[in-house]
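Peer 1: I am attaching a structure below and will ask some questions about it afterwards.
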Amino acid sequence: MNRFPATFEEKMRRLLGGEFDAYIDCYTQPRYNGLRVNTRKISVPEFQRICPFPLRQIPWIENGFYYDGEKVSPSRHPYYFAGLYYLQEPSAMTPANRLPVEAGERVLDLCAAPGGKATELAAKLAGSGILAANDISVSRARGLLKNLEVFGVGNMMVLSEEPGNLEAPFSEYFDKILIDAPCSGEGMFRKDKRMIKAWEEHGPSFFAKLQRNIILQAAHMLRPGGMLLYSTCTFDPEENERIIEHLIEHEPEFRILPISSYEGFSPGMPETTSKKSPDLARTVRIFPHKMEGEGHFMALLKKGDANEGTAACRCTSPAPSQKRVSTVPKELEHFFQDVSWKLQPERLSIHGEKIYYLPEGMPQMGRIRALRTGLLLGELKKNRFEPSQALAMNLTKQEYSHTLDFSSEDTRIWRYLKGETIETDDTPGKEKGWYLVCVDGFPLGWGKLQGGILKNKYLPGWRVMS
């Protein structure tokens with residue numbers, strides 16, 4: 008009995024020729040589980056030193072590791088809640104890894120949910136520049152925002168717009184763009200069997216129409232000299248090489264760049280396109296019978312040459328309910344006496360009771376639907392400031408004066424993550440007030456201490472249910 012639709016098997020026979028049997032055989036092997044270290048919070052060697060479960064290096068991802076999903080559950084360890092790593096399929100780590108993002112750049116992840124690629128792009132920016140992470144679905148964008156906040160990202164815009172609605176206001180604004188395009192998902196058939204039924208309902212042609220529009224819209228948002236990485240998790244040339252051919256036909260200033268290689272990578276297939284440009288062989292195909300990962304496609308492109316000067320965002324003015332401030336509010340200033348940051352008043356923005364800290368060079372946001380612009384510092388209440396969960400995750404232990412640091416093996420960590428009040432009688436002499444709760448030196452959230460009892464301020468929506 009066939010495990011795949013007959014039309015899919017016929018296509019893969021044409022694409023793979025003599026390798027088809029090896030491809031089919033790989034589906035008898037279990038899927039691979041991957042973990043990517045958040046280098047914004049911890050170095051790879053330090054994480055390897057403290058990691059409590061066995062890891063094996065993913066050879067083409069310097070901060071990526073395999074783990075045995077049958078034996079360990081990394082999502083049930085406190086380090087996961089501290090944002091020290093992201094769980095991601097190994098091949099899916101490759102696009103963000105191969106886009107050469109540098110600190111200080113303006114970067115767009117156009118189809119960003121759930122956040123695997125966006126969190127890695129943010130780590131590369133190292134707290135500088137701007138990351139715009141967009142997803143058309145508001146519900147998915149909320150999940151994306153949480154993942155970015157867990158990772159400690161503050162220099163961000165989390166947007167929920169049709170890509171076409173971003174094209175005009177962000178004309179030639181970004182230095183780097185990643186498009187992990189919606190696709191037919193053929194490369195994920197082993198990981199998720201439901202993808203086969205979805206493929207039968209919406210095949211490659213359905214997604215190729217979307218992809219052709221998205222890549223041209225993204226091209227207009229990229230500055231001259233900037234780079235764009237297009238990726239899918241599918242094998243069909245209509246969604247891969249032919250999309251790149253479509254871009255170059257309409258935007259001939261784009262040229263295909265080579266991608267840093269790995270022995271398991273396969274070259275793109277120019278022969279599957281109409282013009283058969285040999286440059287398409289610079290694109291990369293990942294086949295699951297050649298690598299320990301699922302199927303993927305990548306193309307890295309550069310847009311012409313850099314012009315003099317910097318492109319300007321044509322974003323609209325800020326909404327009337329949001330305003331920039333000229334001085335630091337006294338409640339915030341009082342709290343930040345215990346924070347080692349030096350706040351820049353011009354980067355503060357107030358929306359109702361909420362106060363945000365915007366990245367340097369942040370454009371004014373107006374009619375674009377944004378779930379978050381900058382780092383949510385907290386809320387300005389009457390005569391006091393209440394810090395946010397996002398601020399806790401953005402800080403390091405060394406940046407805040409009052410901390411409670413528990414071992415990952417201390418059962419109070421799980422009580423804290425569940426939202427329970429916890430006793431701290433083993434830490435005498437600490438004055439009452441706000442404390443940054445840490446696990447082995449890495450922040451998890453806030454608590455208010457009084458008389459040896461810590462009132463739990465861990466964000467209710469993030470709490471562990473069992």
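Those letters in the sequence shown? Residues 8 to 473, by this note's numbering. Glycine included, every Cβ here is placed at the ideal spot set by N, Cα and C.
1) Unbroken beta strand (DSSP E) runs of length 3 or more, entirely within the region 94-175: which are they?
2) Any idea if A205 is buried or exposed, counting beta-carbon neighbours within 10 angstroms, 16 or more meaning buried?
3) Mark H257 as exposed unless 16 or more other C-beta atoms lie within 10 angstroms of its C-beta, in which case mark it buried.
4) What residue range is occupied by the uninterrupted beta strand (DSSP E) comprising A306?
5) Could you tell me whether the region 405-413 touches the region 425-445, where touching means 3 or more Cβ pairs closer than 8 angstroms?
6) Whole angstroms are fine: how far does the CA of P59 sit from the CA of E179?
7) So what's V51 in DSSP terms, helix, strand or just coil?
8) Rounded to whole angstroms, what is the Cα-Cα separation between K337 and G41?
9) Please look up how many angstroms separate the CB atoms of A313 and P244, rounded, as I've assumed it's under 8 angstroms.
10) Rounded to a whole number of angstroms, what is the C-alpha to C-alpha distance between T323 and A175?
11) Who are the Cβ neighbours of A133 in its own chain at under 6 angstroms, not counting the five residues just before and after it?
12) Nearest to Y406 by alpha carbon, out of F342, G368, K389?
13) With distances taken between CB atoms, is the gap from N162 to I137 smaller than 9 angstroms?
14) Would you check if the distance between the CB atom of T241 and the CB atom of G311 is smaller than 9 angstroms?
15) Express the C-alpha separation of G123 and N154 in angstroms, rounding to a whole number.
16) Determine, using beta carbons only, whether S238 and P102 come nearer to each other than 9 angstroms.
17) Please return the same chain residues whose Cβ sits closer than 7 angstroms to the Cβ of A125, not counting the five positions on each side in sequence.
18) Would you decide whether G192 is buried or exposed? Buried here means 16 or more other CB atoms lie within 10 Å of its CB.
19) By Cβ distance below 8 angstroms, which residues in the same chain neighbour E207 in space, the five residues on each side in sequence not counted?
20) Should S98 go down as buried or exposed, given a rule of 16 or more other Cβ atoms within 10 Å for buried?
21) For S273, write down the residues that DSSP places opposite it in a beta bridge.
22) Which value, in whole angstroms, describes the spacing of the CA atoms of K462 and A397?
23) Between which two residues does the beta strand (DSSP E) harbouring D32 extend?
24) By alpha-carbon positions, which one of I49, K131, V165 ends up nearest to R147?
25) Apart from the five residues just before and just after Y92, which ones in its own chain have a Cβ nearer than 8 angstroms to its Cβ?
26) Using a threshold of 9 angstroms, state whether the C-beta atoms of L185 and L235 are closer than that.
27) To the nearest whole angstrom, what separates the beta carbons of G90 and M400, a pair I think is in contact under 8 angstroms?
28) In three-state terms, what does DSSP make of N401?
29) Cβ atoms of R20 and A129: under 9 angstroms apart, would you say?
30) Using three-state DSSP, classify G232 as helix, strand or coil.
31) Just tell me which of Y269, R292, P259, L384 has its CA closest to the CA of E246.
32) Under 8 angstroms Cβ to Cβ from W348, same chain only, skipping five residues before and after it: list those, please.
33) Give me whichever residues DSSP pairs with G41 in a beta bridge.
34) According to DSSP, L461 sits in a beta bridge with which residue or residues?
35) By how many angstroms is the C-alpha of T280 removed from the C-alpha of R249?
36) For G448, which of helix, strand or coil comes out of DSSP?
Peer 2: Considering the structure as presented:
1) 113-116, 137-141, 163-166
2) In the sequence shown, the residue the question calls residue 205 occupies position 198. By the 10 Å Cβ count, A205 comes out exposed.
3) Here residue 257 is taken as the residue at index 250 of the sequence shown, counted from 1. With fewer than 16 Cβ atoms within 10 Å of its Cβ, H257 is classed as exposed.
4) Taking the first residue of the sequence shown as position 1, residue 306 is located at position 299. Run containing A306: 303-310, per the beta strand (DSSP E) assignment.
5) yes
6) Your numbering for residue 179 matches position 172 in the sequence shown. Your numbering for residue 59 matches position 52 in the sequence shown. Going from the Cα of E179 to the Cα of P59 covers about 45 angstroms.
7) Counting from one through the sequence shown, the residue named residue 51 turns up at place 44. The answer is helix: DSSP assigns V51 an H, G or I state.
8) Here residue 337 corresponds to residue number 330 of the sequence shown, with the count starting at 1. Here residue 41 corresponds to residue number 34 of the sequence shown, with the count starting at 1. Each residue's Cα considered, the two are about 46 angstroms apart.
9) Residue mapping note: residue 313 aligns to position 306 of the sequence shown, counting from 1. Residue mapping note: residue 244 aligns to position 237 of the sequence shown, counting from 1. Wrong, their Cβ atoms sit about 32 angstroms apart, outside the cutoff.
10) Taking the sequence shown and counting its residues from 1, one reaches residue 323 at position 316. Taking the sequence shown and counting its residues from 1, one reaches residue 175 at position 168. Bear in mind that the predicted position of T323 carries a pLDDT of just 47, short of 50, making it unreliable; the figure below should be weighed with that in mind. Rounded to the nearest angstrom, the two C-alpha atoms are 11 angstroms apart.
11) As a first step, residue 133 is located in the sequence shown; it is residue number 126 there, counting from the start. For A133, where only same-chain residues beyond five positions count, the Cβ hits under 6 angstroms are A110.
12) In the sequence shown, counting from the first residue as 1, residue 406 sits at position 399. Looking at the sequence shown, residue 406 is not Tyr but Glu. E406 has its Cα closest to that of F342, out of F342, G368, K389.
13) By 1-based counting over the sequence shown, the position of residue 162 is 155. By 1-based counting over the sequence shown, the position of residue 137 is 130. Taking 9 angstroms as the Cβ cut-off, N162 and I137 qualify as a contacting pair.
14) In the sequence shown, the residue the question calls residue 241 occupies position 234. In the sequence shown, the residue the question calls residue 311 occupies position 304. Taking 9 angstroms as the Cβ cut-off, T241 and G311 do not qualify as a contacting pair.
15) The residue you call residue 154 lines up with position 147 of the sequence shown. The residue you call residue 123 lines up with position 116 of the sequence shown. Each residue's Cα considered, the two are about 8 angstroms apart.
16) Numbered from its first residue, the sequence shown carries residue 238 at position 231. Numbered from its first residue, the sequence shown carries residue 102 at position 95. Yes, the Cβ-Cβ distance between S238 and P102 is below 9 angstroms.
17) The residue given as residue 125 occupies position 118 in the sequence shown. Excluding residues within five positions, the ones whose Cβ falls inside 7 angstroms are D116, A119, L138, A140, L151, L155.
18) Mapped onto the sequence shown, residue 192 falls at position 185. Buried.
19) Translated into positions along the sequence shown, residue 207 becomes position 200. Answer for E207: P12, listed in chain order.
20) As a first step, residue 98 is located in the sequence shown; it is residue number 91 there, counting from the start. Classification for S98: buried.
21) Numbered from its first residue, the sequence shown carries residue 273 at position 266. According to DSSP, which records beta bridges pairwise, S273 is partnered with R292.
22) On the sequence shown, position 455 is the one that residue 462 refers to. On the sequence shown, position 390 is the one that residue 397 refers to. Rounded to whole angstroms, K462 to A397 spans 18 angstroms at the Cα level.
23) Locating residue 32 in the sequence shown gives position 25, where the first residue counts as 1. D32 -> not in any beta strand (DSSP E); alpha helix (DSSP H) instead, spanning 27-32.
24) Start at 1 with the first residue of the sequence shown, and residue 147 comes out as number 140. When each option's Cα is compared against that of R147, the closest is V165.
25) Along the sequence shown, read from residue 1 onward, the residue named residue 92 stands at position 85. Correct list, in chain order: L42, R43, V44, N45, F54, P81, Y86.
26) In the sequence shown, counting from the first residue as 1, residue 185 sits at position 178. In the sequence shown, counting from the first residue as 1, residue 235 sits at position 228. Cβ atoms of L185 and L235: closer than 9 angstroms.
27) Here residue 90 corresponds to residue number 83 of the sequence shown, with the count starting at 1. Here residue 400 corresponds to residue number 393 of the sequence shown, with the count starting at 1. About 6 angstroms; that satisfies the 8 angstroms criterion.
28) One-based indexing of the sequence shown puts residue 401 at position 394. Looking at N401 - three-state DSSP - the assignment turns out to be helix.
29) As a first step, residue 129 is located in the sequence shown; it is residue number 122 there, counting from the start. As a first step, residue 20 is located in the sequence shown; it is residue number 13 there, counting from the start. No. Outside cutoff.
30) Within the sequence shown, residue 232 is the residue found at index 225, counting from 1. G232 falls in the strand class under three-state DSSP.
31) Taking the first residue of the sequence shown as 1, we reach residue 246 at position 239. Answer by Cα proximity: R292.
32) The residue labelled residue 348 in the question sits at position 341 within the sequence shown. So the list reads E406, once near-sequence residues are dropped.
33) Numbered from its first residue, the sequence shown carries residue 41 at position 34. G41 pairs with Y73.
34) Position 454 of the sequence shown holds residue 461. Its beta-bridge partners are I429, L456.
35) By one-based count along the sequence shown, residue 249 stands at place 242. By one-based count along the sequence shown, residue 280 stands at place 273. Taking the straight line from one Cα to the other gives about 6 angstroms.
36) Working through the sequence shown from its first residue, we reach residue 448 at position 441. G448 falls in the coil class under three-state DSSP.
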